[in-house]
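*Asks:* Those sequence lines, one after another, are chains A and B.
Quick note, the first sequence lines up with residues 4 to 215 if you use our numbering.
Quick note, the second sequence lines up with residues 1222 to 1231 if you use our numbering.
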Amino acid sequence: MNIFRFLGDLSHLASIFILLHKIQTTRSCRGISFRTQALYVVVFIARYLDLFFRYVSLYNSAMKLFFIASSCYILYLMKIRYRPTHDPSIDTFRVEYLLAPCLILALIFNYKFNFAEVLWSFSIWLEAVAILPQLFMLQRTGEAENITTHYLAALGAYRALYIPNWIYRYFTEGLVDPIAVTAGIVQTGLYLDFFYVYFTKVLQGQKFELPA
Amino acid sequence: ASEGPSHDEL
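1. Nearest CA to the CA of W123 (chain A): which residue from A:V132, A:A133, A:I134, A:L110?
2. Just to make sure I have the definition right: I need the residues of chain B whose C-beta is within less than 7 Å of the C-beta of V184 (chain A). Which are they?
3. I think I182 (chain A) touches F112 (chain A), with their Cβ atoms under 8 Å apart; what is that distance to the nearest whole Å?
4. Output, in chain order, the set of chain B residues within a Cβ distance shorter than 9 Å of W123 (chain A).
5. Tell me, please, whether the CB atom of G177 (chain A) is closer than 9 Å to any CB atom in chain B?
6. Whose CA, out of A:A147, A:V132, A:A119, lies closest to the CA of I48 (chain A)?
7. Just how far apart, CA to CA, sit Y85 (chain A) and Y100 (chain A)?
8. So V132 (chain A) contacts chain B; which residues on that side make the cut at Cβ distance below 8 Å?
9. Is the distance from the Cβ of F202 (chain A) to the Cβ of G159 (chain A) below 9 Å?
10. Going by the CB atoms, is the gap between Q190 (chain A) and A131 (chain A) shorter than 9 Å?
11. Taking C-beta pairs closer than 8 Å, name the residues in chain B that R162 (chain A) reaches, listed in chain order.
12. List the residues of chain B that Y239 (chain A) touches, going by C-beta distances under 7 Å, in chain order.
13. Can you list, in chain order, the residues of its chain whose CB lies under 8 Å from that of I184 (chain A), leaving out five sequence neighbours each side?
14. Considering only C-alpha positions, which residue in the set A:V200, A:A186, A:V205, A:L178 is nearest to G1225 (chain B)?
15. Report the three-state DSSP secondary structure of F96 (chain A) (helix, strand or coil).
16. Which chain B residues sit within Cβ distance under 8 Å of N63 (chain A)?
17. At 8 Å on the CB atoms, spell out the chain B contacts of P181 (chain A), in chain order.
18. Can you grab the Cα-Cα spacing for the pair I26 (chain A) / H1228 (chain B), in whole Å?
19. Kindly indicate if chain B contains any beta-carbon less than 9 Å away from that of V45 (chain A).
20. Going by Cα to Cα distance, which pick from A:K204, A:I127, A:L54 is closest to I107 (chain A)?
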């Protein structure tokens, strides 16, 4: 565990608490893509199935359980509790266009051709693109509540912070994980436009608005 | 260098 990795995990945790806070205080899931949240459930379940056969640390297991539980809880809030506040007509990104290529990538790029490793690779690729329905929705509405942009910033920062972690681990442990690194760079890249507007507008006290 | 997933990452 190094500082980049730890800050990345904290950022990921923070993003979920920000999202829960947004939904609970506004009593609404307006502006949040259900499709993206559903993809995260798939990502976490696919990757963290190893809870059943691999023990790393208490930290690791607790985080995995938290990410599975919180992502399922968010789906419950969106689909049942605050269902009327969710507008499916603007959340239209076709997720099969993400799922199928990720499955193919996982079948080609994996460290061992067995069920658990292919599933792990699938979850890494899927996580990289799972934000697309959300970004697509943002693009369509052209604006977002401040709290939603803080959620996205924390979520984007998480994988961005893993990049210096991988560099650090390469030099200290000689560890290289080309699949995670490639997918992580793609994932961070998808946030660049968002980060630009976030830093130049939201953090300067303005509203998040995309140019028409 | 060893190549592969660390599996200790989240």
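Positions of the beta carbon are idealized from the N, C-alpha and C atoms, including for glycine.
*Replies:* The structure says:
1. Nearest option by C-alpha distance: A:L110.
2. Contact annotation for V184 (chain A) against chain B: no contact, minimum CB-CB distance about 11 Å [criterion: below 7 Å].
3. Contact annotation, I182 (chain A) with F112 (chain A): C-beta distance approximately 6 Å; criterion of less than 8 Å satisfied.
4. Simply P1226, H1228.
5. At least one chain B Cβ lies under 9 Å of G177 (chain A).
6. Checking every option, the nearest Cα to that of I48 (chain A) belongs to A:A119.
7. A direct Cα-to-Cα measurement between Y85 (chain A) and Y100 (chain A) gives close to 27 Å.
8. From the beta-carbon of V132 (chain A), no residue of chain B is found nearer than 8 Å; the closest lies around 18 Å away.
9. No, these two residues do not count as a Cβ contact at 9 Å.
10. For the pair A131 (chain A) and Q190 (chain A), the CB atoms are nearer than the 9 Å cut-off.
11. The premise fails here: R162 (chain A) is roughly 10 Å from chain B at the closest Cβ pair, so nothing lies under 8 Å.
12. Here chain A comprises residues numbered 4 to 215, so residue 239 (chain A) is not present and cannot be evaluated.
13. The residue asked about is misnamed: residue 184 (chain A) is Val in this sequence, not Ile. Same-chain partners within the cutoff: I166, W169.
14. The option with the nearest alpha carbon to G1225 (chain B) is A:L178.
15. Coil at F96 (chain A), not helix or strand.
16. Within chain B, the residues near N63 (chain A) are D1229, L1231.
17. Chain B residues near P181 (chain A): E1224.
18. A straight-line Cα-Cα distance of about 32 Å links I26 (chain A) and H1228 (chain B).
19. Residue-level contact by beta carbon fails for V45 (chain A) and chain B, as no gap is shorter than 9 Å.
20. The option with the nearest alpha carbon to I107 (chain A) is A:I127.
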